[in-house]
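Participant: Please read through the structure below; I'll follow up with questions.
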Amino acid sequence: MKQIDFENRYRDRWQQLEEWLKTGDSDTDAAALDLPAAYRSLCQQLAVAKERQYTNQLIDRLNQLVMTAHHRVYRQQTLRRNTWLWYLLAGFPRAVRAQIRTVWLATALFLLPALVLGIGSYQNDALIYAVMSPDQVWQFESMYDPGNRVLGRERGSDSDLLMFGFYIKNNIGIAFRTFAGGVLFGLGAIFFLVFNGVYLGAVFGHITRVGFVSTFYPFVIGHGAFELTAIVLAGAAGLRLGQSLVDPGPRRRLVALRLAGVEAMKIMYGTFLMLVIAAFLEAFWSSSTEIAISVKLAVGALLWLLVFAYFTLAGRGAAHLGEEVPRGA
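So in the working numbering, spot 202 of the sequence shown is number 218, and the numbers just go up one at a time.
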């Protein structure tokens, strides 16, 4: 093979690899690149170029590319054991910030209906019955009755441990439906965000109207920092899937969906962990009536502040390492 044919055959691959190594793993096209496989192919191409005595300019270019790729592969291998730690400390919040416009859109789709129904249900005691049945309304009222020994517990659930399992199943189910709905060109994610906003807003407004403020808000403020944020993030991940189908760009829709899926899962793994934390707090902390209201409110405010600071500050300035979806997940 002549050198010109050799270069024409592999030029696009070399350029893709060079651009990826410059921009780092956060680049969208990185999802389509198998770095170890690309590195092995590059080594073979360098060996062929040397054997056939191609120009020094080409050999120097390939040699430099091999050295850079080798360094990146080595760094990823040394971090592999700590991939999950890196993901929690930097990868997750960076993945959220990379999709910040979609996150803000999901926030608006969730929060605005919640505010409308919250204010409406507070001012009009009949409005909540447009959202749920009288039995459901009565059940919510009984859950936050100040006379309860334990708050928020479903009827028939006798222990905090049972409620922990129930909350995990319920919360992750809501998040997964919101995320998976994104494959319907984003319409499913939009529906579940708006629906959950309407539902929760109606509950907030009605419970406030009936005067259970001293039990309801101390109950929700702690785990809400994780649960409500996670629902919004699941919606944002679903919207990212929908965006790839509505506007795939130069790629085919299936390719665009696969690449968007990699980006979305970088958010969803952390979202599932947040929901487990929320379920633990809801079952063992929020439901307790032995903890002073002032303590619950203070801890809840602190948790909201920590969540906000985590997504705002964590991972800034960190090297572009380990951005792949955590292995083994």
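The beta carbon of each residue, even a glycine, is placed where N, CA and C say it ideally should be.
1) Is residue 24 buried or exposed, if buried means 16 or more other CB atoms sit within 10 Å of its CB?
2) Write down the C-beta distance between residue 252 and residue 206 rounded to the nearest angstrom, noting that I regard them as a contact closer than 8 angstroms.
3) Is the closest heavy atom of the ligand SAM to the C-beta of residue 258 under 7 angstroms?
4) Are residue 130 and residue 217 closer than 8 angstroms when you measure CB to CB?
5) Which residue comes first and which comes last in the alpha helix (DSSP H) that contains residue 200?
6) Nearest-angstrom Cα distance between residue 328 and residue 66?
7) Suppose the cutoff is 6 angstroms on Cβ atoms and the five residues either side in sequence are ignored; what does the same chain contact list for residue 293 look like?
8) Any chance the region 112-126 sits against the region 249-263, with 3 or more Cβ pairs inside 8 angstroms?
9) With C-beta atoms as the reference, is residue 221 less than 8 angstroms away from residue 127?
10) Using beta-carbon positions only, say whether residue 189 and residue 198 come within less than 8 angstroms of one another.
11) I'd like the span of the alpha helix (DSSP H) that includes residue 71, first residue to last.
12) Using 8 angstroms as the Cβ pair cut-off and three pairs as the minimum, do the region 254-271 and the region 143-153 touch?
13) CB-CB under 6 angstroms to residue 331, same chain, minus the five flanking residues each way: which ones, in chain order?
14) In chain order, what residues of the same chain lie with their CB nearer than 7 angstroms to the CB of residue 136, ignoring the 5 residues before and after it?
15) Decide if residue 72 is buried, meaning its Cβ has at least 16 other Cβ atoms within 10 Å, or exposed.
16) Going straight from the alpha carbon of residue 318 to that of residue 208, what length do you get?
17) Could you give the distance in angstroms between the alpha-carbon of residue 45 and the alpha-carbon of residue 36?
18) Who are the Cβ neighbours of residue 85 in its own chain at under 8 angstroms, not counting the five residues just before and after it?
19) What is the residue span of the alpha helix (DSSP H) that residue 61 lies within?
20) Let me know the alpha helix (DSSP H) ranges lying completely inside the region 254-339, each 4 residues or longer, listed in chain order.
21) Can you round the beta-carbon distance between residue 310 and residue 239 to whole angstroms, since I take them to be within the 8 angstroms contact cut?
22) Does DSSP classify residue 226 as helix, strand or coil?
23) For residue 232 and residue 223, I'd like the C-alpha separation in whole angstroms.
24) If you drop the 5 nearest sequence neighbours on each side, which residues of the same chain put their C-beta closer than 8 angstroms to that of residue 272?
25) How about residue 314 and residue 183: do their beta carbons lie closer than 8 angstroms?
26) Could you please give the first and the last residue of the uninterrupted alpha helix (DSSP H) stretch that includes residue 107?
27) Run through DSSP, which three-state label would residue 137 get?
28) From residue 339 to residue 304, what does the alpha carbon distance come to, in whole angstroms?
29) How many angstroms separate the CA atom of residue 77 from the CA atom of residue 21?
30) Could you check the C-alpha separation between residue 312 and residue 286 for me, to the nearest Å?
Facilitator: From the atom records:
1) exposed
2) At roughly 11 angstroms, the Cβ-Cβ gap does not stay under 8 angstroms, so residue 252 and residue 206 are not in contact.
3) In the structure on display, the ligand SAM does not appear, and there are no ligands present to speak of.
4) yes
5) Careful: residue 200 lies outside any alpha helix (DSSP H) and carries neither H nor E.
6) 49 angstroms
7) 242
8) yes
9) no
10) no
11) Unbroken run through residue 71: none, as it is neither H nor E.
12) no
13) 106, 109 and 110
14) 143 and 221
15) exposed
16) 28 angstroms
17) Bear in mind that the predicted position of residue 45 carries a pLDDT of just 46, short of 50, making it too unreliable to give a figure here.
18) 33, 37, 51, 54, 55 and 58
19) 51-67
20) 269-297 and 309-329
21) Actually they are not in contact, since the Cβ atoms of residue 310 and residue 239 sit about 18 angstroms apart, beyond 8 angstroms.
22) coil
23) 7 angstroms
24) 260, 261, 264 and 265
25) no
26) From DSSP, residue 107 is part of no alpha helix (DSSP H); its letter is neither H nor E.
27) helix
28) With a pLDDT of 46 at residue 339, under the threshold of 50, the modelled position of this residue cannot be trusted, and the question is left open.
29) 17 angstroms
30) 25 angstroms
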